Amino acid sequence: MQWCATCSTPARAEAVSTLAPYACDPARTRGRRFAESPAPTRSEYQRDRDRIVHSTAFRRLVYKTQVFLNHEGDLFRTRLTHSLEVAQLGRSIARSLRLNEDLVEAIALAHDLGHTPFGHAGQDALHECMREHGGFEHNLQTLRVVDTLEERYAAFDGLNLSFETREGILKHCSRRNAEALEAVEPGGVARRFLDGTQPSLEAQLCNLADEIAYNAHDIDDGVRSGLLTLQQLEAVPLFTRFRDEALREHPELVARRDRRLLFESLRRMLSQQVYDVIAATGAALAAAKPDSADAVRRAQTLVRFTPPMREESTQLKRFLFSQLYRHPQVMDTTDRARQVVQELFAAYLDEPGQMSEGFAEAANRHRAVADYIAGMTDRFAIREHARLTGRHLFD
28 MQWCATCSTP ARAEAVSTLA PYACDPARTR GRRFAESPAP TRSEYQRDRD
78 RIVHSTAFRR LVYKTQVFLN HEGDLFRTRL THSLEVAQLG RSIARSLRLN
128 EDLVEAIALA HDLGHTPFGH AGQDALHECM REHGGFEHNL QTLRVVDTLE
178 ERYAAFDGLN LSFETREGIL KHCSRRNAEA LEAVEPGGVA RRFLDGTQPS
228 LEAQLCNLAD EIAYNAHDID DGVRSGLLTL QQLEAVPLFT RFRDEALREH
278 PELVARRDRR LLFESLRRML SQQVYDVIAA TGAALAAAKP DSADAVRRAQ
328 TLVRFTPPMR EESTQLKRFL FSQLYRHPQV MDTTDRARQV VQELFAAYLD
378 EPGQMSEGFA EAANRHRAVA DYIAGMTDRF AIREHARLTG RHLFD
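Numbering-wise, the working numbering puts 41 at position 14 of the sequence shown, and it's gapless, one number per residue.
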């Protein structure tokens, strides 16, 4: 394996000149795992973004659960719509902070590629099945997807993304897993978990944009589903602050029976969180004075909320956990989803020939089964479970 750092083209010079000194410059990328010639009209991070969008794993996200299963309603968020919302928020903040928008977008669009069907319920079930065989974690699986499992190029497995995009994808990593990755790729994307250093500002930004996006859209989907009400949201200071602001400016919303008050409140909440991140991060950058992307790695986390906004966001997360994610109806779906994944795992382990070609012949059968199930959409997993067991756990 050879690392290749390719340079930005003259066509990208104007865009690069707008970057802050602490942003990731594609002309200074740490490169790709396999050498490639530079593209004539695109930066390295643009190429990453384009490869992600055209990948099979990205298309599968449209039928993967965020909170509500795909068949429960056409307008609930999926992993795909969530990723698009994270990318939009990330690009907006990146532009204000003069960070690399293309890199932010690439990380945001890729960050959930390794998620299982049925959201976190599927991940937890698959981890339990793999407990004695290395476990399962969706961040590591995302890296595995872009490094190995995608099969689109003749010269290499995976998408051969840049170091910076791969680093941003790996949001969490235990020390044990980091040591295993470091043994394969010395000085690679897992090194920071051993050194205690930070990822790029673009990666930090995607982490926070992810939180902003899912907090807001889970309120929206929760109300749409009927599992949350505006009355329950009275307990959330972050929401009520902007609901009250909306009502002061548009008192006619009180009498309306549509969702416009909810949308107006969420719109204002999202906007203020974006402005808060820009202000707090700008202040942190001014205090830390990083003069390069490498200097960022030696600092504390710099992309942040102000302390009051951090507290309000944490309160919102607690509310969603207790009132939505632990709602009896959601938990019932979660229990059935876990059963589907566990029984699929047992069936494929017993009869690997039931899997697609390539997975069935893999030497590491447990990991091959995990890869196969993780790549499924919700509806394919449900259909496969019914085919293999003769039982229908979902109507």
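Yeah, the Cβ is synthetic: ideal placement off N, Cα and C, and Gly gets one too. Remember, it's a predicted structure, so these values are computed and weren't measured experimentally.
Spell out a yes or no on whether the stretch 224 to 242 and the stretch 267 to 277 are touching, meaning 3 or more CB-CB pairs, one atom from each, closer than 8 Å. The answer is no - the stretch 267 to 277 does not touch the stretch 224 to 242, with fewer than three Cβ pairs under 8 Å.
Kindly list the residues whose CB is nearer than 6 Å to the CB of Ala401, restricted to its own chain and excluding five residues on each side of it in sequence; keep chain order. Numbered from 1 along the sequence shown, position 374 holds the residue referred to as residue 401. So the list reads Thr143, Gln168, once near-sequence residues are dropped.
Name the DSSP beta bridge partners of Thr92, please? Sequence index remark: in the sequence shown, residue 92 carries index 65 (1-based). BP columns for Thr92 point to Thr105.
Who are the Cβ neighbours of Pro317 in its own chain at under 7 Å, not counting the five residues just before and after it? Locating residue 317 in the sequence shown gives position 290, where the first residue counts as 1. Result list for Pro317: Tyr49, Val323, Ala326, in chain order.
Is the stretch 158 to 165 touching the stretch 366 to 380 in the sense that three or more CB pairs, one from each, lie closer than 8 Å? no
So Asn242 is in the alpha helix (DSSP H); what residue range does that whole segment cover? Translated into positions along the sequence shown, residue 242 becomes position 215. For Asn242, the uninterrupted alpha helix (DSSP H) run begins and ends at 228 to 252, by DSSP.
Candidates Glu338, Pro335, Ile120, Leu136, of which the one nearest Ser110 by Cα: Residue 110 sits at position 83 when you count from the first residue of the sequence shown. Ser110 has its Cα closest to that of Leu136, out of Glu338, Pro335, Ile120, Leu136.
Within 10 angstroms of the Cβ of Thr33, are there 16 or more other Cβ atoms? Answer buried if so, exposed if not. Against the sequence shown, residue 33 aligns to sequence position 6. Unreliable placement is indicated for Thr33, whose pLDDT of 46 sits below 50; the coordinate value is still reported in the next sentence. Burial call: buried.
Are the stretch 66 to 75 and the stretch 378 to 394 in contact at 8 Å, needing three or more beta carbon pairs? no
Simplified DSSP assignment, three categories, for Lys344: For this step, residue 344 is matched to residue 317 along the sequence shown. Helix.
If you run the structure through DSSP and keep just helix, strand and coil, what is Arg87? The residue given as residue 87 occupies position 60 in the sequence shown. Look at Arg87 here: in three-state DSSP terms it is helix.
Please name the residue, chosen from Arg74, Cys51, Phe145, that lies closest to Gln369 on a Cα-to-Cα basis. Taking the sequence shown and counting its residues from 1, the one referred to as residue 369 is at position 342. For Gln369, the nearest C-alpha among the options comes from Phe145.
Length of the line joining the Cα atoms of His426 and His199: No information on residue 426 is available, as it lies outside the stretch 28 to 422 that the chain covers here.
Output yes or no for whether 8 Å exceeds the beta carbon distance between Glu238 and Leu221. As a first step, residue 238 must be located in the sequence shown, where it is residue number 211. As a first step, residue 221 must be located in the sequence shown, where it is residue number 194. Not in contact: Glu238 and Leu221 (Cβ atoms no closer than 8 Å).
Bounding residues of the alpha helix (DSSP H) (the contiguous stretch that carries Pro65): Working through the sequence shown from its first residue, we reach residue 65 at position 38. DSSP places Pro65 in no alpha helix (DSSP H); its state is neither H nor E.
C-beta contact flag for Leu197 and Leu170 at 8 Å: Along the sequence shown, one-based indexing puts residue 197 at 170. Along the sequence shown, one-based indexing puts residue 170 at 143. Yes, they are a contact pair.
Quick test of your reading: Ala315 and Leu329, contact by CB under 8 Å. State the CB separation rounded to the nearest angstrom. By one-based count along the sequence shown, residue 315 stands at place 288. By one-based count along the sequence shown, residue 329 stands at place 302. Right, the Cβ-Cβ distance comes to about 6 Å (below 8 Å), so this counts as a contact.
In angstroms, rounded to a whole number, what distance separates the CA positions of Val216 and Ala320? For the purposes of this step, residue 216 is taken as residue 189 along the sequence shown, with counting starting at 1. For the purposes of this step, residue 320 is taken as residue 293 along the sequence shown, with counting starting at 1. Cα-Cα distance, rounded: 15 Å.
Measuring CA to CA, which of Arg86, Leu235, Phe103, Tyr72 is closest to Ser119? As a first step, residue 119 is located in the sequence shown; it is residue number 92 there, counting from the start. It is Leu235 whose Cα lies nearest to the Cα of Ser119.
If you draw a straight line from the alpha carbon of Val225 to that of Arg202, how long is it in whole angstroms? Position 198 of the sequence shown holds residue 225. Position 175 of the sequence shown holds residue 202. Looking at the sequence shown, residue 225 is not Val but Gln. If you take the alpha carbons of Gln225 and Arg202, they lie about 15 Å apart.
Taking Cβ positions, are Arg88 and Thr105 nearer each other than 8 Å? For the purposes of this step, residue 88 is identified with residue 61 of the sequence shown, where counting begins at 1. For the purposes of this step, residue 105 is identified with residue 78 of the sequence shown, where counting begins at 1. Here the sequence assigns Leu to residue 88, which means Arg is not the residue at that position. Yes.
If Thr341 and Lys91 are in contact, beta carbons under 8 Å, what's the gap, nearest whole angstrom? Stepping through the sequence shown from its first residue, residue 341 is reached at position 314. Stepping through the sequence shown from its first residue, residue 91 is reached at position 64. Not quite, the Cβ-Cβ distance comes to about 27 Å (not below 8 Å), so this is no contact.
For Cys156, does the three-state DSSP call read helix, strand or coil? Translated into positions along the sequence shown, residue 156 becomes position 129. Helix.
In its own chain, which residues sit with a C-beta less than 7 Å from the C-beta of Glu128, not counting the 5 before and 5 after it? As a working note, residue 128 is residue 101 in the sequence shown. Contacts found: Arg118, Ala121, Arg122.
Quick one: measure Cβ to Cβ for Asp75 and Leu188, integer angstroms, because I've assumed they're closer than 8 Å. Locating residue 75 in the sequence shown gives position 48, where the first residue counts as 1. Locating residue 188 in the sequence shown gives position 161, where the first residue counts as 1. Asp75 to Leu188, Cβ: 5 Å. Contact.
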